[in-house]
Amino acid sequence: MPISLRVNGRTHEVQAEPGDMLLSVLRQDLALTGSKYGCGEGQCGACTVLVDGQPVRSCVTRVSTLGIKPITTIEGLADGDRLHAVQEAFLEAEAFQCGYCTPGMIMATVALLRATPSPTDADIVKALQGNVCRCGTYARIMQAVRLAARRMRPSDSSGGAR
Amino acid sequence: MTPVTSSGRDGESTEHEVERYELREHPPYHFELERRAFLQVFAAMGGGLAVIAVAPGAAQESGRRGGDASATEDIAAWLHVGEDGKVTACTGKTEIGQNIRTSLAQAVAEELRVPLDAVTLVMADTARVPYDAGTFGSLSTPRMAPVLGRAAATARALLIDRAAARWQVARDGLTIRDGRVTDGTRTATFGELVAGQALTGRVAPDVALTAPSAWTVRGTAPRKVNGRAFVTGTHRYTTDIERPAMQYGCLVRPDGYAGTLEKVDDAAARAMPGVTVVRDEGFVGVVADDERLARRAAAAIRASWRRPATDPSSETLYEHLQREVAAGGRPATPIVAGDVDAALSAAARTFKARYLVPYIAHVPLEPRAAVAEWQGDSLTVWCGTQRPFGVRSELAEAFRLPESRVRVIVPDTGSAYGGKHTGEHAIEAARLAKAAARPVKVVWTRAEEFAFAYARPAGVIEVTAGVDAGGRLTAWEFHNWNSGASGIRTPYDVANQRIAFHPSNSPLRQGSYRGLAATANHHVREMHIDRIARDLGVDAVQFRLSHLTDPRLRAVLEAVAQRIGWPRPSAAGRSLGIACGTEKGSYVATAAEVSRAGTSVTVNRIVVAFECGAVVHPDGVRNQVEGALVQGLGGALFEALTFANGRLTNGTMARYRVPRFRDVPVIDVVILDRKDLPSVGAGETPIVCVAPAIGSAARGLGHVVDRLPISFVASPA
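Line by line, the protein sequences are chains A and B. If you want our numbering, it's the position in the first sequence, counting the first as 1, plus 666. If you want our numbering, it's the position in the second sequence, counting the first as 1, plus 4.
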């Protein structure tokens, strides 16, 4: 059946079953492959996207539940060539090895910093606990999140917040 | 070529340094294929300068085959300077997160005197790179980096020669930097120098590399060369690859971790429009235009499987491993020194223990995936693997093709940790693509990855040590059943030793894992050394130092002890533990500070001192050490595959616990940069001492069971 989805500011019509998962539709029907399949159980966070600004596990989110809520994927984050501050911070902190978890980590971080612009380390751990980096770069990701938070705070003029 | 992960039945290993799960032999002959392939690649690049790099030591190796060196030379890498001045280096190594795409480019940029961004690495594409056995054993830095460096140094000399000839000046007066050669008045870019007249060269045997003291590119920490693609989601892993008219495939698998197909009812799947069912002996799969449809069709197939009836459970496993010593395999030769039986009889005290090590899963976040495409009887497969040429051989064998008709391309891969040596996913995609006559993508589910990928071997280790009246180790007897021989030797001075590895018949499919068996062997050795020191009432660092002569090992041990403030923990209720070792040419010592919560251990802080010779990419090394440490935490504290009646009982991400943010302690990494020593790999060794550092620390707070993962016996100390 035809389903409308609002992804990265554009409305897409796709053919899908109501029970089909958002991740599959994003990757296969919309060719947005930045969101990754890691477990299909909602346990690793590699598929994290934002729905209405909230982080969701797209691998266990049925497309029929979304209506016209705005969905943001990793592809919708940068402004042309200009990276989002969180993307910049991950690059700068070299907060990855194989990079497969990175899009999900970045999306979860964007959601965290929108809700909590000045997170404590405990806030970061809590927000990212559902995201696995099997390469074990957690300490660097923490560093990247702190760096992005510092840059994105309105009071701090040194960063490229947006 | 033998698949890497039989189940411990092949027993290939005849010496302890070679881990049987990674043992690979070069093909006996290369003939002229590689040179021809190189010339094709070179022609396709449109002239310019090309250099063939031969692996050092290849001449000696080829000597044993009795041929002359030129006929059997091992070409290890190619390097090309184009008319546009761009530098391309071709290597069979794979990028799996260890960051060699950047660190190998550093070696080339350094020797060619060009900026890092002028260098592109073509990696792991069997049609464009020379043969390589695989990316394992921490060999990329010690072996491939010098090969590429020498190729670049040779290219530099050829460029200077050409400029000297063109300008009719002595080459001594010429300098080369930033991609240009100059004599002080005239300047020519690399592109200008190579234009118009193709030039090929071979690496001279005596070409020198830039001394580490003069490094300007190596020894620095540039960002990952293609890092931007990872943070924007544009990097194409195998799972992301699309081909024109591509379909999706899905396999029908046993309901346990193994099984033989008995009968199949595929009528419902065949009735689904747009679904192709593919059956070939024990192979059952489906193909459809839509991945979701393919999964639904596979689920609609009713198949029954005959399960192995006699397999143990994860609880009865260890008796099984000691009883079921691999039949038919060549027994590994024990390491023997002195007379261990006499020394144990004469010892003032003896210490005996039996340790259990479970199977663990690699859980690479990108599961096995492959895209296969046939053109006539030629096959191209994109897939994640650490052994592109090994997978090419597997495909050639499976489809009875000459290897020249098979191309394997490995995109930078979503990690492996030793877990992606084999090509079953490539074969599956190729079989389905052959039936569908279309390109086919196969992506394993996480459940498939748990059940049908191979595991880090489980093992039983028995150790008996003897100590004389003066508190010196006099006897060391060490037997490892099944987990492997890597790191089985002891670095401690003990006159009488018997050390043996006994391969077993493994119920689970098993194979390589980061650090191989060095993790199990280091764990037991270091835990036992700790036990002896404890029982003798001797400081664990002093006890080690009094039995260690290797200055590099002493240096990391002393560095870590100092950094953690040995022997005093930083707070009440905490305890310190320490361990050290050497493997694959590098040296590590790890210290942990822990506290207790019921029967489990909380790690508060970990310090690692690591030395891998001259450091090429300081931040890259640090990243690898931190990552190995976190991965080691999993095996130390909670990872273990459990199974019964032929099925895994924790084969999902929800049930199989891997380290997460909350598990990560304060991490402090001390890198000892030895510019006077050759660079060696850093991806594996830092994992080997994590568990014994934590386990020995826990002993200060209660009775710790002699098995991994580490836990306390329920009653308090």
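For each residue, glycine too, the CB sits at the ideal point set by N, CA and C. Computed from a prediction, not measured in an experiment: that's the story for all the values here.
Residues that residue i contacts on chain A, provided the C-beta gap is smaller than 8 angstroms
i: M657 of chain B; result: G704, C705, E707, Q709, C710, V798
i: L712 of chain B; result: Those within 8 angstroms of L712 of chain B in chain A number zero; the least Cβ separation is about 18 angstroms.
i: I671 of chain B; result: A805
i: T594 of chain B; result: Near T594 of chain B there are no residues of chain A at all, since even the closest Cβ is about 14 angstroms away, more than 8 angstroms.
Secondary structure of residue i, DSSP reduced to three states
i: Q172 of chain B; result: coil
i: M771 of chain A; result: helix
i: R711 of chain B; result: strand
i: I610 of chain B; result: strand
i: F647 of chain B; result: strand
i: A245 of chain B; result: The sequence given here places Ile at residue 245 of chain B; Ala does not occur at that position. Coil at I245 of chain B, not helix or strand.
i: T553 of chain B; result: coil
i: K438 of chain B; result: helix
i: A341 of chain B; result: strand
i: T523 of chain B; result: helix
i: Y33 of chain B; result: For Y33 of chain B, the predicted structure reports a pLDDT of 42, less than 50, and the residue's modelled location is therefore unreliable. A value from the coordinates is still provided. Here Y33 of chain B sits in coil by DSSP.
i: A81 of chain B; result: strand
Under 9 angstroms from the C-beta of residue i: neighbouring residues of chain A
i: G237 of chain B; result: L698, T699, G700, S701, K702, T739, I740, E741, L743, T768, P769, I772
i: N103 of chain B; result: E760, Q763
Burial state of residue i (16 or more Cβ within 10 Å)
i: G585 of chain B; result: buried
i: T242 of chain B; result: buried
i: S217 of chain B; result: exposed
i: S66 of chain B; result: Below a pLDDT of 50, predicted positions are generally treated as unreliable, and S66 of chain B, at 31, falls in that range; the measurement from the model is reported next regardless. Counting Cβ neighbours within 10 Å, S66 of chain B comes out buried, since at least 16 surround it.
i: D747 of chain A; result: exposed
i: I734 of chain A; result: exposed
i: A697 of chain A; result: exposed
i: P248 of chain B; result: exposed
i: P258 of chain B; result: buried
i: A440 of chain B; result: buried
i: M49 of chain B; result: buried
i: K267 of chain B; result: exposed
i: H707 of chain B; result: exposed
Test: residue i CB closer than 9 angstroms to a CB of chain A
i: I79 of chain B; result: no
i: F505 of chain B; result: no
i: E21 of chain B; result: Because E21 of chain B carries a pLDDT of 36, less than 50, the predicted location of this residue cannot be relied on, and the following value inherits that uncertainty. No, E21 of chain B lies away from the interface with chain A (no Cβ there is under 9 angstroms from its Cβ).
i: T243 of chain B; result: yes
i: P663 of chain B; result: yes
i: N654 of chain B; result: no
i: D623 of chain B; result: yes
i: Y25 of chain B; result: Note that Y25 of chain B has pLDDT 49, beneath the 50 cutoff, so the model's placement of it is unreliable and the number below is only indicative. So no, Y25 of chain B is outside the interface.
i: P495 of chain B; result: no
i: P371 of chain B; result: yes
i: D472 of chain B; result: no
i: P31 of chain B; result: Note that P31 of chain B scores 44 on pLDDT, short of 50, meaning its location in the model is unreliable and no value can be drawn from it.
i: N627 of chain B; result: yes
i: P368 of chain B; result: yes
i: V414 of chain B; result: no
Near the ligand SAM: residue i beta-carbon under 8 angstroms from a heavy atom
i: G141 of chain B; result: The ligand SAM is not part of this structure, which contains no ligands at all.
CB-CB length for residue i against residue j, believed under 8 angstroms
i: L436 of chain B; j: V684 of chain B; result: Not a contact, Cβ separation roughly 41 angstroms.
i: V607 of chain B; j: G802 of chain A; result: The Cβ separation is near 13 angstroms, so there is no contact.
i: A225 of chain B; j: G631 of chain B; result: Not really, about 16 angstroms apart at Cβ, beyond 8 angstroms.
i: S516 of chain B; j: F140 of chain B; result: 6 angstroms
Within chain A, the residues that residue i reaches when beta carbons sit closer than 7 angstroms
i: D121 of chain B; result: The premise fails here: D121 of chain B is roughly 15 angstroms from chain A at the closest Cβ pair, so nothing lies under 7 angstroms.
i: G631 of chain B; result: Q763, C801, G802, T803
i: I100 of chain B; result: C764
Neighbouring residues, chain B, relative to residue i (Cβ below 7 angstroms)
i: S690 of chain A; result: E295, R296
i: L779 of chain A; result: Within chain B, no residue comes near L779 of chain A; the closest Cβ sits about 15 angstroms away, beyond 7 angstroms.
Contacts of residue i in chain B (Cβ-Cβ under 8 angstroms)
i: V791 of chain A; result: F665, R666
i: D686 of chain A; result: R296
i: L794 of chain A; result: F665
i: L749 of chain A; result: R232, V235, T236
Test: residue i CB closer than 9 angstroms to a CB of chain B
i: I807 of chain A; result: yes
i: A683 of chain A; result: Ala is not the amino acid found at residue 683 of chain A; the sequence shown has Glu there. For E683 of chain A, the answer is yes, since a Cβ of chain B falls inside 9 angstroms of its Cβ.
i: R817 of chain A; result: no
i: R693 of chain A; result: yes
Within chain E, the residues that residue i reaches when beta carbons sit closer than 8 angstroms
i: S419 of chain B; result: Of the protein chains in the structure, A and B, none is chain E.
Within chain B, the residues that residue i reaches when beta carbons sit closer than 9 angstroms
i: Q753 of chain A; result: R232, V235, T236
i: L757 of chain A; result: R227, K228, G231, R232, F234, V235
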